[in-house]
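>
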Amino acid sequence: MNSVGEACTELKREYDQCFNRWFAEHFLKGDRSGDPCTETFRKYQRCVQKAIKEKDIPIDGVEFMGPNKDKPES
Amino acid sequence: MVKYFCSTSDIKSTWDHVVSAFWQRYPNPFSTHVLTEDVVYREVTTDHRLLSRRLLMKTNRLPRWAERFFPAGMSRYVYILEDSIVDPVNRSLTTYTWNLNHTTLMSVEERCVFLDSAEQPATTQLRREAWISSSIFGFSKPIQEFGLARFKSNQVKAMKGLEYALSNLQGLGIRLSVGVSMSGGWRGGINLTLLASAHGCHMSLQQ
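Protein chains in written order, with our numbering: chain A, 424 to 497; chain B, 914 to 1120.
#1: What in chain A is Cβ-close to Gln-877 (chain B), meaning under 9 Å?
#2: Nearest to Thr-1016 (chain B) by CA position, among B:Val-931, B:Trp-1044, B:Pro-976, is which residue?
#3: At which residues does the beta strand (DSSP E) containing Asn-1012 (chain B) begin and terminate?
#4: Nearest-angstrom Cα distance between Pro-481 (chain A) and Pro-1034 (chain B)?
#5: Taking Leu-1000 (chain B) as the reference, give the member of B:Tyr-990, B:Leu-975, B:Leu-964 with the closest Cα.
#6: Say whether chain B places a C-beta atom closer than 8 Å to the C-beta of Pro-466 (chain A).
#7: Over the uninterrupted alpha helix (DSSP H) stretch that includes Phe-464 (chain A), give me the two end residues.
#8: Run the CB neighbour count on Thr-1037 (chain B), radius 10 Å, all protein chains shown included, and call it buried at 16 or more, exposed below.
#9: Given this structure, state the Cα-to-Cα distance separating Gly-453 (chain A) from Arg-981 (chain B), to the nearest angstrom.
#10: For Ser-426 (chain A), does the count of other Cβ atoms within 10 angstroms reach 16, so buried, or fall short, so exposed?
#11: If I'm right that Ser-997 (chain B) touches Val-1026 (chain B) with Cβ under 8 Å, what's the distance once you round it to whole angstroms?
#12: Under a three-way DSSP split, which group does Glu-1032 (chain B) fall into?
#13: Which first and last residues belong to the alpha helix (DSSP H) in which Cys-441 (chain A) is found?
#14: From the beta carbon of Pro-459 (chain A), is the nearest beta carbon of chain B less than 8 Å away?
#15: Could you tell me whether the Cβ atoms of Thr-945 (chain B) and Leu-969 (chain B) are closer together than 8 Å?
#16: Give, in chain order, every residue of the region 1004-1032 of chain B whose Cβ lies closer than 8 Å to some Cβ of chain A.
#17: Take every Cβ of the region 459-473 of chain A, pair it with every Cβ of the region 433-444 of chain A, and state whether three or more of those distances are shorter than 8 Å.
#18: Enumerate in chain order the residues of its own chain whose CB-to-CB distance from Ile-475 (chain A) is below 8 Å, with the five nearest sequence positions on each side excluded.
#19: In the region 931-943 of chain B, which residues sit with their C-beta less than 8 Å from some C-beta in chain A, listed in chain order?
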């Protein structure tokens, strides 16, 4: 899958691979030891956040789960 | 005017598999309209929940007759945010997805909650809710119907995409109904026994 920043796709894939392994083998099993993907995530984010700004994609300041706040609990 | 939809259905996979597959949905044969996917925020909270935000860029496929309703400079792409919370202790995945642009045409917000099925073992219950509004509703029936049809079609594709990711995840290869070749593309349909029949909250997508 491609990143919105063309130059970031390789970094994205590297991060995804690391994350998927950590997620299934550690996070879901309740293993709270360190996240091995912080460095690859940092590199990926540096690239993709720059691309997002350049393309003027309006995600800045959008609150996490923002619109969900005014929805009734299911 | 906001239209509300709700449905619950069962996925014949464990919650752990579903949640893992959730991150591996793209690309899949049903997601050719999804052009890019990026995680733009992620955090493990002190109570061990995983918060994530994904940014998706999709094509905005309008039929030719609809194109004239919209300004020439309108973006060809739709940007979507998907915020999610994985709680591995309580075994819930809650996702909230909405479009950032083209909101005057149609604003679609969807909330999904994935939980262990209370009734069946090794099964995950999915409850989906959607809120759809448009400033064009009541103004143009064809636009409204097109938008709803596309939303419904996208929901079906999303489920098929998830099932695809699930079957890959489990290393079982692709379980398909007749007419699909393993080397080429997908000609036939996916085996929907992975997805039991939907039983509703009260509202269907037939409105």
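Ideal placement from N, C-alpha and C gives every residue a C-beta, glycine not left out.
Put simply:
#1: This structure cannot settle anything about residue 877 (chain B), because the visible part of chain B is limited to 914 through 1120.
#2: The count along the second sequence starts at 1 and reaches residue 1016 (chain B) at position 103. The option with the nearest alpha carbon to Thr-1016 (chain B) is B:Trp-1044.
#3: By 1-based counting over the second sequence, the position of residue 1012 (chain B) is 99. Here the beta strand (DSSP E) through Asn-1012 (chain B) covers 1005-1012.
#4: Numbered from 1 along the first sequence, position 58 holds the residue referred to as residue 481 (chain A). Numbered from 1 along the second sequence, position 121 holds the residue referred to as residue 1034 (chain B). Pro-481 (chain A) and Pro-1034 (chain B): Cα-Cα distance of roughly 42 Å.
#5: Here residue 1000 (chain B) corresponds to residue number 87 of the second sequence, with the count starting at 1. The displayed chain sequence assigns Asp, not Leu, to residue 1000 (chain B). It is B:Leu-964 whose Cα lies nearest to the Cα of Asp-1000 (chain B).
#6: Walking along the first sequence from the start, residue 466 (chain A) turns up at place 43. Here the sequence assigns Lys to residue 466 (chain A), which means Pro is not the residue at that position. By this cut-off, Lys-466 (chain A) is not an interface position.
#7: Taking the first residue of the first sequence as position 1, residue 464 (chain A) is located at position 41. Annotation for Phe-464 (chain A): the continuous alpha helix (DSSP H) segment containing it runs 461-477.
#8: Within the second sequence, residue 1037 (chain B) is the residue found at index 124, counting from 1. Burial of Thr-1037 (chain B) is indicated by the presence of at least 16 other C-beta atoms within 10 angstroms of its C-beta.
#9: In the first sequence, the residue the question calls residue 453 (chain A) occupies position 30. In the second sequence, the residue the question calls residue 981 (chain B) occupies position 68. Straight-line Cα distance between these residues: approximately 53 Å.
#10: Residue mapping note: residue 426 (chain A) aligns to position 3 of the first sequence, counting from 1. Ser-426 (chain A) should be labelled buried.
#11: Position 84 of the second sequence, counted from the first residue, corresponds to residue 997 (chain B). Position 113 of the second sequence, counted from the first residue, corresponds to residue 1026 (chain B). Not a contact, Cβ separation roughly 11 Å.
#12: Stepping through the second sequence from its first residue, residue 1032 (chain B) is reached at position 119. In this structure, Glu-1032 (chain B) counts as coil in the three-state DSSP scheme.
#13: Residue 441 (chain A) sits at position 18 when you count from the first residue of the first sequence. First-last of the alpha helix (DSSP H) with Cys-441 (chain A): 432-445.
#14: Taking the first residue of the first sequence as 1, we reach residue 459 (chain A) at position 36. No, its Cβ sits nowhere closer than 8 Å to a Cβ of chain B.
#15: Position 32 of the second sequence, counting from 1, holds the residue named residue 945 (chain B). Position 56 of the second sequence, counting from 1, holds the residue named residue 969 (chain B). At least 8 Å separates the beta-carbon of Thr-945 (chain B) from that of Leu-969 (chain B).
#16: The region 1004-1032 of chain B vs chain A, Cβ under 8 Å: Tyr-1009, Trp-1011, Leu-1013, Asn-1014, Glu-1022, Arg-1024, Val-1026.
#17: Yes, the region 459-473 of chain A touches the region 433-444 of chain A.
#18: As a position in the first sequence, residue 475 (chain A) is number 52, starting the count at 1. Cβ within range, chain order: Val-427, Gly-428, Ile-482.
#19: Of all residues in the region 931-943 of chain B, the ones placed with a Cβ closer than 8 Å to any Cβ belonging to chain A are Val-932, Ser-933, Trp-936, Gln-937, Tyr-939, Pro-940, in chain order.
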